[in-house]
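Novice:
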Amino acid sequence: MTDPSLLNVEQLRAALSAGVVDPTDVVAAMAQRSRAVDAQTNCFVALDETAALKQAASLNAQRASGRPAGLLWGVPYVHKDVFVTSSRHPAAGSLFSELPVAFGSGSALTALDSADAIALGATTLDECSYGATGLNDHHGDCRNPWDDRFITGGSSSGAAAAVAARAVPFAIGSDTAGSTRIPAALCGVVGFKPTFGRLRTSGMVPLSPSQDTVGVIARTVRDCALVTDALDRHASPRLRSSRALIEGIDGSVNNLKIGICCHPFFTMQDAETGAVISQALRVIERLGVNLKEQFLSGLEDCDAAAAVITWMEVREAYAGLLRTAPQKFSPSTRLRLEMAMAPTAEDYRLAQAYRAGALRAFFDSAFADVDVLVAPTVTLATPMIALLSTDPKESVKTTTAFLRSNRCISYLGLPALSVPVGFTSQGLPVGLQFIGKPWAELAVLRCGAAYQAATDWHMQLPPSSNNS
Numbered sequence: 044m045t046d047p048s049l050l051n052v053e054q055l056r057a058a059l060s061a062g063v064v065d066p067t068d069v070v071a072a073m074a075q076r077s078r079a080v081d082a083q084t085n086c087f088v089a090l091d092e093t094a095a096l097k098q099a100a101s102l103n104a105q106r107a108s109g110r111p112a113g114l115l116w117g118v119p120y121v122h123k124d125v126f127v128t129s130s131r132h133p134a135a136g137s138l139f140s141e142l143p144v145a146f147g148s149g150s151a152l153t154a155l156d157s158a159d160a161i162a163l164g165a166t167t168l169d170e171c172s173y174g175a176t177g178l179n180d181h182h183g184d185c186r187n188p189w190d191d192r193f194i195t196g197g198s199s200s201g202a203a204a205a206v207a208a209r210a211v212p213f214a215i216g217s218d219t220a221g222s223t224r225i226p227a228a229l230c231g232v233v234g235f236k237p238t239f240g241r242l243r244t245s246g247m248v249p250l251s252p253s254q255d256t257v258g259v260i261a262r263t264v265r266d267c268a269l270v271t272d273a274l275d276r277h278a279s280p281r282l283r284s285s286r287a288l289i290e291g292i293d294g295s296v297n298n299l300k301i302g303i304c305c306h307p308f309f310t311m312q313d314a315e316t317g318a319v320i321s322q323a324l325r326v327i328e329r330l331g332v333n334l335k336e337q338f339l340s341g342l343e344d345c346d347a348a349a350a351v352i353t354w355m356e357v358r359e360a361y362a363g364l365l366r367t368a369p370q371k372f373s374p375s376t377r378l379r380l381e382m383a384m385a386p387t388a389e390d391y392r393l394a395q396a397y398r399a400g401a402l403r404a405f406f407d408s409a410f411a412d413v414d415v416l417v418a419p420t421v422t423l424a425t426p427m428i429a430l431l432s433t434d435p436k437e438s439v440k441t442t443t444a445f446l447r448s449n450r451c452i453s454y455l456g457l458p459a460l461s462v463p464v465g466f467t468s469q470g471l472p473v474g475l476q477f478i479g480k481p482w483a484e485l486a487v488l489r490c491g492a493a494y495q496a497a498t499d500w501h502m503q504l505p506p507s508s509n510n511s
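Under our numbering, think of the first position of the sequence shown as 44, with each following residue one higher.
#1: Going by DSSP, name the residue or residues bridged to ALA399.
#2: Tell me which residue opens and which closes the alpha helix (DSSP H) that TYR494 is part of.
#3: In angstroms with no decimal places, state the Cα-to-Cα distance between VAL70 and ALA165.
#4: How would you label ASN449, buried or exposed, when you count the other beta carbons within 10 angstroms and need 16 or more for buried?
#5: Closer than 6 Å by C-beta to SER527: which residues in its own chain qualify, once you throw out the five before and the five after it? Chain order, please.
#6: Could you please give the first and the last residue of the uninterrupted alpha helix (DSSP H) stretch that includes LYS440?
#7: Between the Cα of TRP354 and the Cα atoms of ASP390, CYS451, ASN298, GLY291, which residue gives the shortest distance?
#8: Using alpha carbons as the reference points, say which of ASN298, THR271, LEU299 lies closest to ARG286.
#9: Quick test of the definition: if touching needs 3 or more C-beta pairs under 8 Å, does the region 167-177 touch the region 206-222?
#10: Taking the alpha carbon of GLY363 as the point to measure from, which residue in GLU343, GLU437, MET384 has its own alpha carbon closest?
#11: In whole angstroms, what is the alpha-carbon distance linking LEU471 and LYS480?
#12: Using a 10 Å radius around the Cβ and a threshold of 16 neighbouring Cβ atoms, would you call ASN297 buried or exposed?
#13: Using the rule of at least 16 other Cβ atoms within 10 Å of the residue's Cβ for burial, across every protein chain shown, is VAL439 buried or exposed?
#14: DSSP three-state label for GLY234, please.
#15: Within a Cβ cutoff of 7 Å, which residues of the same chain sit near MET311, ignoring the five residues on either side of it in sequence?
#16: To the nearest angstrom, how far is the alpha carbon of GLY177 from that of SER453?
#17: With respect to the alpha helix (DSSP H) encompassing GLN98, which residues constitute its N-terminal and C-terminal limits?
#18: Determine the burial state of THR376: buried for a count of at least 16 other Cβ atoms within 10 Å of its Cβ, exposed for fewer.
#19: Which residues does DSSP list as the beta-bridge partners of CYS305?
#20: Comparing C-alpha positions only, which one of MET247, SER140, ASP65, THR128 sits nearest to ALA100?
#21: Are ARG262 and ASN51 touching if we call contact CB-CB under 7 Å?
#22: At a cut of 8 Å, does the region 140-160 reach the region 394-406 through at least three beta carbon pairs?
#23: Once you ignore the five residues that flank ALA72 on each side, which residues in its own chain have a CB closer than 6 Å to its CB?
#24: If I follow the unbroken alpha helix (DSSP H) through THR376, where does it start and stop?
#25: In angstroms, rounded to a whole number, what distance separates the CA positions of HIS122 and ASP344?
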């Protein structure tokens with residue numbers, strides 16, 4: 044049998060459809076691999092092979108009866124432990140078993156179930172999704188598949204590590220200030236954040252409801268488009284795309300104008316990251332794109348407003364638990380939650396009121412003569428776990444830098460896609476993100492897919508994949 048762990052979503056979907064592989068065999072193989080990957084990276088909080096095998100058998104029976112196959116028929120996936128399932132309530136990286144979840148009909152997992160994808164398990168994350176490193180005092184630190192001495196980034200840490208290490212072909216995470224894109228960049232996979240509001244967040248433990256989005260992590264941009272299409276079918280009819288995203292990706296960037304983000308949030312890069320990013324920009328130019336420098340303004344205010352909104356909404360979610368069970372929070376998370384008590388209701392009102400005008404101003408200036416922006420996903424080299432675990436100042440410095448190049452994009456609600464574009468001298472991945480206009484997901488996906496068609500960074504295997 045073809046090793047299913049080596050297949051991406053498109054390839055596995057085709058093999059399953061043709062009967063080359065069987066979903067029960069795929070689930071069994073990926074569950075075995077997931078256990079090995081977890082031992083190396085600490086990326087899982089729960090694996091449910093029994094339920095996944097039962098679902099695979101059910102899909103076989105349904106196909107035998109003539110039922111049409113869903114878009115992701117038989118494809119296993121994992122999800123960040125912030126989504127409610129029929130068998131467990133998410134802990135969101137905490138010690139709490141009954142955290143509140145967003146209300147509403149349907150959910151990302153419901154949509155994937157309707158698409159006949161198979162949920163294999165839940166993955167690790169920063170405590171309460173309130174972090175960007177992948178370190179967790181309660182459940183252990185998630186380790187980078189490329190070198191287990193280094194962090195994965197977060198907060199969707201385990202999801203990115205699992206996909207990078209070939210445990211599964213895709214994962215579902217969340218993105219409030221970079222939580223899908225940051226770990227995708229550090230783990231050498233693709234991370235996609237759609238426009239705010241495009242996908243339902245019901246059934247998900249919130250961090251900042253007015254900024255939270257469902258995110259997709261996969262090995263290829265086309266895979267992200269396929270999974271987003273499956274999720275999109277359960278979106279509000281008003282927001283649903285009339286055309287599948289995957290159908291619009293033709294491998295070219297014809298007629299698209301791309302601007303380079305020129306702002307200290309993106310240009311303050313360490314030397315190695317900067318060199319990799321520069322090389323990636325040259326590849327984009329060879330695709331026939333005339334890159335244009337776009338000098339951005341107002342991002343400092345956007346970042347500050349995003350921080351206020353996050354603090355206030357995190358406070359709303361966790362203030363009660365902080366009063367009644369402070370000992371259940373790690374010291375670092377407890378300190379950050381206490382800091383979130385500082386902003387006032389008026390601060391929050393002003394931060395939200397500023398948002399619409401900031402988006403209009405950004406749209407009019409940044410996208411005045413380009414369709415897509417490009418920028419590094421993170422601007423500094425991946426730090427070691429030991430450094431951040433022993434030096435709180437370094438941890439704060441790292442988190443601040445990671446958020447700086449991502450949070451303002453989330454605040455503005457823009458779609459963004461991180462793709463792997465190379466490695467540092469230590470063999471650690473570097474990511475570049477394409478940022479689009481509101482509801483212009485297809486433009487950023489086209490850019491990312493064209494880049495991947497011209498490079499093979501996304502095909503590289505981490506050492507943990509070769510040894511599993």
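Idealized CB from N, CA, C, for every residue including glycine.
Specialist: Quick look at the numbers:
#1: Answer by DSSP bridge pairing: none, since ALA399 is not bridged.
#2: 484-497
#3: 15 Å
#4: buried
#5: Outside the shown range of the chain, which is 44 to 511, sits residue 527, and nothing can be said about it.
#6: 435-447
#7: ASP390
#8: THR271
#9: yes
#10: MET384
#11: 30 Å
#12: exposed
#13: exposed
#14: strand
#15: THR422
#16: 19 Å
#17: 92-107
#18: buried
#19: PHE338
#20: ASP65
#21: yes
#22: no
#23: PRO47
#24: 374-382
#25: 33 Å
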